[in-house]
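What follows is a set of notes on a single structure, which appears directly below.
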């Protein structure tokens, strides 16, 4: 799932932290990470048997280290109502208490999210990670070509100064001895900068920027926008509720891709709207949909409005396939929020 977002996940379960050498590798791994995602279930995990961290789990030790190093932490704790088989539950009484203490430590001065199943967890991790990336920019992986770009001006200067040489390719600059000794400059002709084709070397299939995205890439785009649209709809609804004493809003997330909005006026239900992600035509490509039908059923979805993805001018964009006010129109996430409110909610309030 994280790979589909074009990020590189490093699962700590790959390491065995039972010795100092392994722990040093884990420390280096956390140091080089931009974000630390903590997922807590109903088990405390293996406990450290000696040393200064004796008695706590390896996961708790990793969490404390990431916290100490100032790595942004995204924490996801399993909901108490989640359906879990007995073999996934902590049976040791002492470890149960340690697990509860660990949860309290994680929740201290930190927002956490609760998950009920793997699909719910995947959706919440994706949404939270996207928001965190937008809110707190981190270095990420440093591409080799970025190092070249940093020296672009220097390279151009060298090429210009060498342009009068009869045969510039791979000739050493010999004007100033000290300068040559310090820089060890080798000039390459402008027509062929001597760049290595790494795609060819590693036998990687190229993908041009204007090439159409896959269904998987479109679905990632839809899920990211769905999370943002739902968040903004909740904020608009809450503001409307504050400004109108006789209106009550209730939101209910059935799962990571379905949210119900219920509006009550003078304690009577006047509007129910389902905002969800599903397939518009029964294929693998997902769309953001709105419906008055509360039933969550398999198969082709019942909907009153639908926003899907279209590739336009080299970019993925939301497109109002069906809307009461703005059908057949490209829209931003903000415009979709306004459209849903004005088309499917406001007329009933």
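Numbering (the numbering used here), first residue to last: 3 to 351.
Even glycine gets a Cβ: it sits at the ideal position worked out from N, Cα and C.
Quantities reported herein were computed from a predicted structural model and do not represent experimental measurements.
Rounded to the nearest angstrom, what separates residue i and residue j at their Cα positions?
i	j	result
residue 26	residue 124	29 Å
residue 202	residue 235	47 Å
residue 40	residue 321	35 Å
residue 311	residue 230	15 Å
residue 34	residue 140	11 Å
residue 186	residue 198	Because the pLDDT of residue 186 is 39, which lies under 50, any placement of that residue in the model is unreliable, and the number read from its coordinates should be weighed accordingly. Spanning the two alpha carbons is a distance of roughly 20 Å.
residue 342	residue 225	17 Å
residue 96	residue 204	51 Å
residue 68	residue 74	8 Å
residue 289	residue 56	50 Å
residue 76	residue 255	20 Å
residue 24	residue 207	35 Å
residue 252	residue 111	27 Å
residue 281	residue 334	20 Å
residue 250	residue 347	13 Å
residue 237	residue 328	22 Å
residue 92	residue 49	13 Å
residue 89	residue 54	31 Å
residue 1	residue 232	Missing from the structure shown is residue 1; the chain here goes from 3 to 351 and no further.
residue 239	residue 12	39 Å
residue 52	residue 98	20 Å
Starting from the Cα of residue i, find the closest Cα among the options and give me that residue.
i	options	result
residue 218	51, 294, 11 and 287	287
residue 9	198, 38, 24 and 29	38
residue 79	70, 108, 136 and 53	108
residue 81	65, 117, 98 and 206	117
residue 126	228, 55 and 51	228
residue 339	128, 214, 313 and 291	291
residue 305	318, 334 and 283	283
residue 216	29, 347, 239 and 317	317
residue 214	94, 245, 314 and 330	314
residue 294	328, 128, 262 and 200	262
residue 222	239, 264, 93 and 129	129
residue 29	94, 319, 103 and 63	63
residue 103	59, 269 and 138	59
Got a sec? Which residues, its chain only, sit under 7 Å from residue i by beta carbon, not counting five neighbours each side?
i	result
residue 61	47
residue 121	257 and 258
residue 325	307, 341 and 345
Near residue i, what residues of its chain come up, given a Cβ to Cβ distance below 6 Å and the 5 sequence neighbours on each side ignored?
i	result
residue 323	308 and 310
residue 100	46
residue 65	40
If contacts are defined as beta-carbon pairs under 8 Å, then residue i and residue j qualify, I think. What distance do you get, rounded to the angstrom?
i	j	result
residue 274	residue 296	6 Å
residue 135	residue 71	Not really, about 18 Å apart at Cβ, beyond 8 Å.
residue 272	residue 332	The pair is not a contact, with the Cβ atoms about 32 Å apart (cut-off 8 Å).
residue 248	residue 267	6 Å
residue 132	residue 84	With a Cβ gap of about 24 Å, residue 132 and residue 84 do not count as contacting.
Among the residues of its own chain, which have a CB less than 8 Å from the CB of residue i, if the five just before and after it don't count?
i	result
residue 336	234
residue 86	43, 44 and 80
residue 365	In the structure as shown, the chain starts at 3 and stops at 351, and residue 365 therefore has no counterpart that could be examined.
message: Restricting to runs no shorter than 3 residues, where is the beta strand (DSSP E) found entirely within the segment 28-80?
response: If we require 3 residues or more, the beta strand (DSSP E) runs fully inside the segment 28-80 come out as 38-42 and 75-80.
query: Could you give the uninterrupted runs of the beta strand (DSSP E) lying entirely in the segment 274-317, keeping only those of 3 residues or more?
result: Here the runs fully enclosed are 288-293 and 307-314.
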